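What follows is a short report on a single structure.
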Amino acid sequence: MEDILADVDRVIMPGITHWNSPGFLAYFSITGSGPGILGEMLSGALNVNAMLWRTSPAATELEQVTLDWLRQMLGLPTPLFGVINDTASSGTLYALAAAREAIPGLQIRQEGMSGRPEVPRLRYYASQEAHSSVEKAGIVLGVGQEGLRKIGVDSSFRMDVAQLEQAISEDLAAGWRPFAVVATVGTTSTTSIDPVPQIAAICERYGLWLHVDGAYGGSAAVDPSMQWVLDGCERADTLIVNPHKWLFTPIDCSVFFTRRPDVVKAAFSLIPEYLRNTESMGDEVPNLMDYGISLGRRFRSLKLWMIMRYFGQEGLAARIHEHIRLGKLVEQWVNESRDFELMAPAPFSTVCFRAHPHHLDNEAQLETVNERIMNTINASGRFFLSHTRLNGIFTIRIAIGNLRTTEQDVRDLWEALQGELARME
Numbered sequence: 063m064e065d066i067l068a069d070v071d072r073v074i075m076p077g078i079t080h081w082n083s084p085g086f087l088a089y090f091s092i093t094g095s096g097p098g099i100l101g102e103m104l105s106g107a108l109n110v111n112a113m114l115w116r117t118s119p120a121a122t123e124l125e126q127v128t129l130d131w132l133r134q135m136l137g138l139p140t141p142l143f144g145v146i147n148d149t150a151s152s153g154t155l156y157a158l159a160a161a162r163e164a165i166p167g168l169q170i171r172q173e174g175m176s177g178r179p180e181v182p183r184l185r186y187y188a189s190q191e192a193h194s195s196v197e198k199a200g201i202v203l204g205v206g207q208e209g210l211r212k213i214g215v216d217s218s219f220r221m222d223v224a225q226l227e228q229a230i231s232e233d234l235a236a237g238w239r240p241f242a243v244v245a246t247v248g249t250t251s252t253t254s255i256d257p258v259p260q261i262a263a264i265c266e267r268y269g270l271w272l273h274v275d276g277a278y279g280g281s282a283a284v285d286p287s288m289q290w291v292l293d294g295c296e297r298a299d300t301l302i303v304n305p306h307k308w309l310f311t312p313i314d315c316s317v318f319f320t321r322r323p324d325v326v327k328a329a330f331s332l333i334p335e336y337l338r339n340t341e342s343m344g345d346e347v348p349n350l351m352d353y354g355i356s357l358g359r360r361f362r363s364l365k366l367w368m369i370m371r372y373f374g375q376e377g378l379a380a381r382i383h384e385h386i387r388l389g390k391l392v393e394q395w396v397n398e399s400r401d402f403e404l405m406a407p408a409p410f411s412t413v414c415f416r417a418h419p420h421h422l423d424n425e426a427q428l429e430t431v432n433e434r435i436m437n438t439i440n441a442s443g444r445f446f447l448s449h450t451r452l453n454g455i456f457t458i459r460i461a462i463g464n465l466r467t468t469e470q471d472v473r474d475l476w477e478a479l480q481g482e483l484a485r486m487e
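When you line the sequence shown up against this note's numbering, it's residues 63 to 487, in that order.
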């Protein structure tokens, strides 16, 4: 074992991108924590498969208890059933599968979709800023990429609800069967927040399933001052929140909440003879395998339970509040600078901006400047940033959410950005 660990240090570590570094500011799955790492180790040591209550009663019951704690911390109402999946990509797939199952009269689970002229073309909706997994889900479910209609956004990159309603009306007239809308609380590029209350009203009016992707932004609601970000989510049929994005939980841990567990179960439950027993065939206890594709299920709730007990809501909220403060600080510096400009509002702790020296207006040159600045910063090994494109413009992203990132780290990064721009001039 000593030789193996030496090779980890010699061979593996030089090729690791250190997501736990305070200078890692590129993506959302930003940091683990001591309690989370310990919970992951214990889960691996116990090595239980929580597919059925009988195969791991503690894992099944702890998942329900822990997710009810999280529900309360987020200010969400009851009743709300939850399970933990690997990522939001899986959760979105499961939500849309349930939405398809909820369509009256089609019997898609039993009869499928192919070769059935009576099955209309299905349509679902999400904004142009929605996560790529929303489109992938349509591919997997046989709805196809054309089954997703992408709705335009406003100047703050939020779904345009007037466009949404118009699109639904047009599709109904053209013979499509609308069945779901995916709203986002914290989009990947800009962390924009779709107007969920208005979207929920449209879904209720047209009888559509509402799924909310709160994978990133939902965690912010553990801070009571940020619970407004989940306004309207109590009306959603399904909601995702990823503790591995902003609750200091080692990947993977994605929470899937639903008001309609019966529909989700109807879409996925299939019990072979070798798994049939008193509990699996009854309704007294949940069997986690009934709520998704995966039969095998890790003991993911253990690490989340340990984190919630260790930090408490006040501890988690204080750290998220600090990250948002640091994001506002960066936003302030950008707005006060003559050589940088803000590219999107920053409702959380992710800031989208670019260098824009006052003497330079050529877009091709500006893109070259910004890409070079980002690549130089990343090559230093001190910080890691990412980019997106907003309205076609190359945009640098700073995503603050690491447990160990301090104000000094953020100040050092800002100085480095200014220094690189000055050197290029």
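Note that beta-carbon positions come from the ideal geometry of N, C-alpha and C, so glycine has one too. Please read these numbers as outputs of a predicted model, since none were measured by experiment.
Range of the contiguous beta strand (DSSP E) that encloses residue i
i, result
"Asp324", "No beta strand (DSSP E) contains Asp324, which is instead part of the alpha helix (DSSP H) from 323-330."
"Val413", "412-417"
"Glu403", "402-404"
"His449", "448-452"
"Arg459", "455-461"
Endpoints, alpha helix (DSSP H) assigned at residue i
i, result
"Glu469", "469-486"
"Ala121", "119-136"
"Ala499", "Not covered by the structure: residue 499. The range shown for the chain is 63 to 487."
"Leu104", "96-108"
"Val303", "Note, Val303: premise wrong, no alpha helix (DSSP H); beta strand (DSSP E) at 300-303."
"Asp233", "223-235"
"Gln427", "425-441"
"Ala157", "150-163"
"Glu346", "No alpha helix (DSSP H) contains Glu346, which DSSP labels as neither H nor E."
"Phe199", "A small fix is needed here, since residue 199 is Ala in this sequence, not Phe. Its alpha helix (DSSP H) spans residues 194-202."
"Glu173", "170-173"
Candidates the options, of which the one nearest residue i by Cα
i, options, result
"Trp367", "Met63, Trp81, Ile99", "Ile99"
"Glu403", "His385, His420, Cys295, Gly200", "His420"
"Asp285", "Phe361, Arg362, Phe373, Ile333", "Phe373"
"Asp130", "Ile435, Phe446, Met370", "Met370"
"Arg459", "Leu87, Thr117, Thr79, Leu67", "Leu87"
"Ala484", "His418, Ala68, Arg162", "His418"
"Tyr353", "Arg322, Ile382, Leu364", "Arg322"
"Gly454", "Ser411, Met405, Lys327", "Met405"
"Leu155", "Ala188, Pro119, Glu197, Ala107", "Glu197"
"Pro84", "Leu479, Glu469, Gln480, Glu477", "Glu469"
"Phe90", "Ser399, Asn464, Ala478, Val472", "Asn464"
"Arg211", "Ser356, Thr430, Glu180, Val243", "Val243"
"Ala245", "Arg178, Cys295, Phe410, Gly200", "Cys295"
"Trp81", "Asp474, Leu479, Gln480, Thr467", "Thr467"
"Val472", "Ile165, Thr457, Trp395", "Trp395"
"Val254", "Ser411, Gln172, Pro182", "Checking the displayed sequence, the identity of residue 254 turns out to be Ser instead of Val. Of the listed residues, the one whose Cα sits closest to Ser254 is Ser411."
"Pro259", "Ile230, Gly237, Arg220, Ser251", "Arg220"
"Thr311", "Tyr278, Leu332, Leu114", "Tyr278"
"Glu393", "Ala379, His306, Cys414", "Cys414"
"Asp148", "Ala478, Phe456, Arg359", "Arg359"
"Val291", "Ala159, Ala461, Asp256", "Asp256"
"Glu173", "Thr117, Ala329, Asp474, Met343", "Ala329"
Three-state secondary structure (DSSP) of residue i
i, result
"Ser217", "coil"
"Phe318", "strand"
"Leu184", "strand"
"Leu309", "coil"
"Thr272", "At residue 272 the sequence reads Leu, which differs from the Thr that was named. Strand at Leu272."
"Phe373", "helix"
"Ala242", "strand"
"Arg211", "strand"
"His420", "coil"
"Met63", "coil"
"Val70", "helix"
"Ser287", "helix"
"His80", "coil"
"Ile4", "The question about residue 4 has no answer, for the chain in this structure spans 63 to 487."
"Arg360", "coil"
"Gly206", "coil"
"Ala112", "coil"
"Arg178", "coil"
"Asp293", "coil"
"Leu366", "helix"
"Gly389", "helix"
"Ala277", "coil"
"Arg338", "coil"
"Ala408", "coil"
"Asn397", "helix"
"Leu378", "helix"
Bridge-paired residues (DSSP) for residue i
i, result
"Val145", "Phe318"
"Ile255", "Val247"
"Phe86", "Phe446"
"Ser189", "Ile213"
Three or more C-beta pairs under 8 Å: does that hold for the stretch 345-352 against the stretch 118-129?
yes
Stretch-stretch touch, CB-based, cutoff 8 Å, three pairs: the stretch 259-276 with the stretch 210-230
yes
Should the stretch 73-80 be regarded as contacting the stretch 314-328, the criterion being three or more beta carbon pairs within less than 8 Å?
no
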